[in-house]
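Asks: Residue numbers (UniProt numbering): 1 to 317.
Using N, Cα and C, we set each Cβ at its ideal position, and we do this for glycine too.
(1) Using DSSP with H/G/I as helix, E/B as strand and the rest coil, what is residue 246?
(2) Anyone know if the C-beta pair for residue 186 and residue 235 falls short of 8 Å?
(3) Does the segment 60-70 touch the segment 26-42, meaning 3 or more C-beta pairs lie closer than 8 Å?
(4) Which of helix, strand or coil does DSSP assign to residue 107?
(5) How far does the alpha helix (DSSP H) with residue 44 in it extend, from its first residue to its last?
(6) If distances are taken between C-alpha atoms only, which option among 3, 274 and 79 comes closest to residue 28?
(7) Report the rounded CA-to-CA distance for residue 251 versus residue 224, giving the unit in angstroms.
(8) Assuming contact is defined by CB atoms lying nearer than 8 Å, are residue 213 and residue 20 in contact in what I supplied?
(9) List, from N- to C-terminal side, the alpha helix (DSSP H) runs of 4 residues or more that fit wholly inside the segment 166-247.
(10) Would you check if there are 3 or more beta carbon pairs closer than 8 Å linking the segment 93-102 to the segment 46-59?
(11) Restricting to Cα atoms, I'd like to know which of 137, 196, 8 and 287 is closest to residue 146.
(12) From residue 163 to residue 153, what distance separates their C-alpha atoms?
(13) Please work out which residues of its chain come closer than 7 Å, Cβ to Cβ, to residue 222, disregarding the five sequence neighbours upstream and downstream, and give them in chain order.
(14) Roughly how many angstroms separate the alpha carbons of residue 107 and residue 127, rounded to a whole number?
(15) For a quick check, are the C-beta atoms of residue 156 and residue 176 less than 8 Å apart?
(16) Can the beta-carbon of residue 202 be found closer than 8 Å to that of residue 231?
(17) Which partner residues of residue 251 appear in the DSSP bridge assignment?
(18) Out of 74, 118 and 173, state which residue places its alpha-carbon closest to the alpha-carbon of residue 294.
(19) Helix, strand or coil for residue 11, going by three-state DSSP, please let me know.
(20) Taking the alpha carbon of residue 248 as the reference point, which residue from 171, 286, 316 and 167 has its own alpha carbon closest?
Here it is, written out as structure tokens:
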């Protein structure tokens, strides 16, 4: 098993800000919009260099989506930014009608997703956003795993034609992927090869899965760990190739177990190859206030719970 180490921790939202800074220099059609959360979305470098390509929409998210849709008609590439809860739950109708239905080239970029925004509590910890967005026809859904991958995904989105949802977070987490990586939408990344169990993880849960893999290795269990950074379109080929080797699956996500990555993987399996599957996800509940580490442990999303799920899956083969 390949060992992953890190020298620093950064938040994935800062990776988004870094990606936007690059796009500001490279692509004159990129426009940033924000709903009164410039600091939280790390847009200051972009705005400083491109003030004419920034629109402060204020606390008016529905209007921001409408403005974004309009900008695409003139050939602009709008990146509409706010917290994930507001970017999806508050403006779902506008996204459906003004962006998805007409296939507008709008990039909805959402910070503070999942449980790990922590102390802000249940009202801000949206755990349904992946399901909401992936159900929209034509919507691409991306959930990168660390600072470097978020930066690369942001840059890649500017070249992608069509509506997209980019999900990232608030907590600082290990930076362990290649800083010069080429992000390929819809192509899963095999973090470690294995033969006993497939662990498909997304977002912040990829690092937890890597830690779980090391624990399992110490116990003689060889886990294959795959980073599903693009939930839609899903890399079905990578999933089935892995399952042919291992014969059982764990899905790990910082999301409600209903409607997220786990359900997408289950659809692939039920159509192609039935194998045991265990979910590591929030079990149909809202969150609460707490530190990211406390919440991951309480809601069963840390490395220890991935290890337990892997053993259950193996036992069911």
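Replies: Reading it off the structure:
(1) On the chain shown, position 246 is the one that residue 246 refers to. Note: residue 246 maps to helix in three-state DSSP.
(2) Locating residue 186 in the chain shown gives position 186, where the first residue counts as 1. Locating residue 235 in the chain shown gives position 235, where the first residue counts as 1. It is a contact, given that the beta carbons lie within the stated cut-off.
(3) yes
(4) Numbered from 1 along the chain shown, position 107 holds the residue referred to as residue 107. DSSP places residue 107 in strand when its eight states are reduced to three.
(5) Here residue 44 is taken as the residue at index 44 of the chain shown, counted from 1. That run of the alpha helix (DSSP H) goes 44-49.
(6) As a first step, residue 28 is located in the chain shown; it is residue number 28 there, counting from the start. For the residues 3, 274 and 79, the minimum Cα distance to residue 28 belongs to 79.
(7) What you label residue 251 is simply residue 251 of the chain shown in a count that begins at 1. What you label residue 224 is simply residue 224 of the chain shown in a count that begins at 1. Here the alpha carbons of residue 224 and residue 251 stand approximately 12 Å from one another.
(8) On the chain shown, residue 213 is found 213 positions in, with the first residue counted as 1. On the chain shown, residue 20 is found 20 positions in, with the first residue counted as 1. No. Outside cutoff.
(9) 205-218 and 236-246
(10) With the cut-off at 8 Å, the segment 93-102 and the segment 46-59 do not touch.
(11) As a first step, residue 146 is located in the chain shown; it is residue number 146 there, counting from the start. Taking only the C-alpha atoms, the option nearest residue 146 is 8.
(12) Sequence index remark: in the chain shown, residue 163 carries index 163 (1-based). Sequence index remark: in the chain shown, residue 153 carries index 153 (1-based). If I take the Cα positions, the gap works out to 14 Å.
(13) Counted from its first residue, the chain shown places residue 222 at position 222. Only 194, 195 and 196 meet the Cβ criterion.
(14) One-based indexing of the chain shown puts residue 107 at position 107. One-based indexing of the chain shown puts residue 127 at position 127. If you take the alpha carbons of residue 107 and residue 127, they lie about 20 Å apart.
(15) Indexing the chain shown from 1 puts residue 156 at position 156. Indexing the chain shown from 1 puts residue 176 at position 176. Their beta carbons are not under 8 Å apart, which means residue 156 does not touch residue 176 by this criterion.
(16) Here residue 202 refers to the residue found at position 202 when the chain shown is read from its first residue. Here residue 231 refers to the residue found at position 231 when the chain shown is read from its first residue. Contact flag set, yes.
(17) The residue given as residue 251 occupies position 251 in the chain shown. Beta-bridge analysis with DSSP links residue 251 to 200 and 279.
(18) Translated into the one-based positions of the chain shown, residue 294 becomes position 294. Considering only alpha carbons, the answer is 118.
(19) Here residue 11 refers to the residue found at position 11 of the chain shown. Note: residue 11 maps to strand in three-state DSSP.
(20) Numbered from 1 along the chain shown, position 248 holds the residue referred to as residue 248. Checked all of 171, 286, 316 and 167; the closest Cα to residue 248 is 316.
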